[in-house]
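Position in the sequence shown (first residue = 1) + 98 = the working numbering. In what follows, a single structure is set out as structure tokens and then discussed.
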Amino acid sequence: MQALDALLNRVSVPRLLEPAPTQEQRDVLFAAAMRAPDHGQLRPWRFLTVEGAAREQMGTLLVEAARLQDPDAPQAVLDKAQNGPLRAPLVVVVIARLQEHFKVPKSEQLLAAACAAHGILLAAYAQGIGAVWRTGDLSYSAHVAKGLGLKEGEEVIGFLYLGTPQNPPRTAPKEDVAAFVTAWTGL
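Take a look at the structure:
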């Protein structure tokens, strides 16, 4: 697949089935992540892969976090938390590793980590792997961060769900680019 095809046509694919990406495909996904813009070459990201029975354990962790946020959480909310990680055969937890740096502010490091995640999504699309990036309140829970083993200065910035598309990906909408671009003519 041509690079521009992936950049112009990638879409989220939320309905995912087995099989998960192969090890060879994963190597490409994570190699693409490493090409993210990274001022200072800090590599302010890391990834956790969650699959098999670990997805159920992740769901249990999310339920615990939901109960901590709201002890009276409705059963539907708890069920959604429990079943969320089961939406795909592979979940990649994207973690921003923010550190003090004399030249690179934490906000820029966070953006670099997001670009690394986007690189994974683009590489997934280019390989025919279905992928969708999800967050939600529980993504930012201190309980979830602790349960996933995050260290000080680290935060979850998203869950990437990856697998085989249940249906062919939808066609990317054609945007009116001119509505988003304005020439600045100076002061």
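We treat Cβ as the ideally placed atom computed from N, Cα and C, and that holds for glycine.
Counterpart residues of residue i in DSSP-defined beta bridges
i    : result
P263 : L114
V190 : T147, L258
E252 : R195
Residue i: first and last residue of the uninterrupted beta strand (DSSP E) it sits in
i    : result
V126 : No beta strand (DSSP E) contains V126, which is instead part of the alpha helix (DSSP H) from 121 to 131.
G228 : 228 to 232
T158 : First-last for T158: 151 to 167, but that is the alpha helix (DSSP H), not the beta strand (DSSP E).
CA-to-CA distance, residue j to residue i, given in whole angstroms
i    : j    : result
E198 : S205 : 11 Å
A101 : A224 : 8 Å
D177 : F257 : 18 Å
R195 : Q139 : 13 Å
L219 : P142 : 18 Å
G67  : G261 : Any answer about residue 67 is impossible in this case: the structure gives the chain only from 99 up to 285.
K249 : I255 : 14 Å
R133 : L127 : 10 Å
F145 : L285 : 44 Å
Q180 : L160 : 6 Å
P267 : F200 : 43 Å
R173 : D103 : What sits at residue 173 in the sequence shown is Gln, not Arg. Approximately 42 Å between the Cα atoms of the pair.
E253 : A212 : 12 Å
E154 : L188 : 12 Å
T147 : V175 : 24 Å
W282 : D274 : 19 Å
A152 : G217 : 24 Å
R165 : T280 : 46 Å
CB-CB length for residue i against residue j, believed under 8 Å
i    : j    : result
A118 : E162 : The pair is not a contact, with the Cβ atoms about 25 Å apart (cut-off 8 Å).
A270 : R108 : 7 Å
A210 : P135 : 6 Å
P112 : M156 : Going by Cβ atoms, the distance from P112 to M156 rounds to 18 Å, so no, they are not a contact pair.
L236 : V230 : In fact, because the Cβ distance is near 16 Å, the residues do not count as touching under 8 Å.
A186 : L114 : 4 Å
H137 : V202 : 5 Å
Span of the alpha helix (DSSP H) around residue i
i    : result
L335 : The structure shown does not extend to residue 335, since the chain spans only 99 to 285, so no value can be given for it.
K178 : 173 to 181
K244 : 240 to 245
L106 : 101 to 107
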